[in-house]
Amino acid sequence: KEKVRARGPDNPAHYSMCCRGGQVALPQHYFDFPPVPRLLYDLLTKDHATHIRSYNNALSFTSLGTPMDASVIGHCFKIQGQLVHKLGTILPPAEGEYSFAQIYIMGPEIEDEARHRVKMSGVKIDPVIMKQLIDFLDQHNPYAKQFRSAYDIMKQHKTIAIQLKSIQPTPEQAAGHDIRTYARPSATEVAMIVDDGVEIGRGDRDIIVHSTDEMWHRVSDLHTGYLPLRYPLLF
């Protein structure tokens, strides 16, 4: 944050550190963007400013992926280890609470969605403001629109099933190898598969997106969309 230099009637205001004290002129197209919706000015209330983090968390597509110490009061908190953004499964559980991106694909019932997001926030926030924010994101946020379209895909394909299946080798394939290599896992759940001995956390993440043109697209794990998914009210 930088303080603006004092100005006189013939001296326009300018920053002392940025843009070489006003000597650098930015191109006009940098400022050619749509006007700020009136809704954002209307939301500048005391309640919204006090609970801005709760509103953002309730509207976020992803989880922050780290536990927070609620006993420490303040706008900043420390984490230990790597900060991740957990998207989780898109298909909500048959029974139980749905959260984060799952809420965007549960259907167009915005009143129920607003109440559910207020409940999920864990604090007392205004459901009217929450409904206005949902309306705004549905109209202007490209990621909200994409997740809404997932609801239409799931309605068309109601029997989506993903299975992890182990392949048993033929006697010819197993010849000369330890047969225990192909044994089925003995644990009740398979947490992950690490291929080719790649160290966990070192390899690339394989992220696939299904679009409305029935095509599959691979997304880089460095994509600039991850921060807007976590902080929808900032982007």
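All residue numbers for the sequence shown refer to full-length UniProt numbering, where the first residue is 1 and numbers rise by one. All C-beta atoms in this analysis are idealised placements derived from N, C-alpha and C, irrespective of residue type, glycine included. Note that the structure is predicted; figures quoted are calculated from it, not measured.
Range of the contiguous alpha helix (DSSP H) that encloses residue i
i	result
residue 132	127-140
residue 226	226-230
Beta-carbon spacing of residue i, residue j below 8 Å
i	j	result
residue 61	residue 227	no
residue 55	residue 234	no
residue 134	residue 51	no
residue 130	residue 58	yes
Three-state secondary structure (DSSP) of residue i
i	result
residue 63	strand
residue 27	coil
residue 171	helix
residue 45	coil
residue 19	helix
residue 145	helix
residue 71	coil
residue 234	coil
residue 197	Low per-residue confidence applies at residue 197: pLDDT is 47, beneath 50, and the placement is therefore not dependable, though the value from the model is reported in the following sentence. Residue 197: coil per DSSP, three-state reduction.
residue 162	Annotation note: pLDDT 43 at residue 162 (below 50); position unreliable, no value reported.
Nearest neighbour of residue i, chosen from the options [CA to CA]
i	options	result
residue 144	32, 225, 27, 24	225
residue 231	138, 24, 63, 28	63
residue 45	19, 175, 25, 128	128
Proximity test, residue i beta-carbon vs the ligand ATP heavy atom, cut-off 7 Å
i	result
residue 125	Of the ligands one can find in the structure shown there are none, so the ligand ATP has no counterpart to examine.
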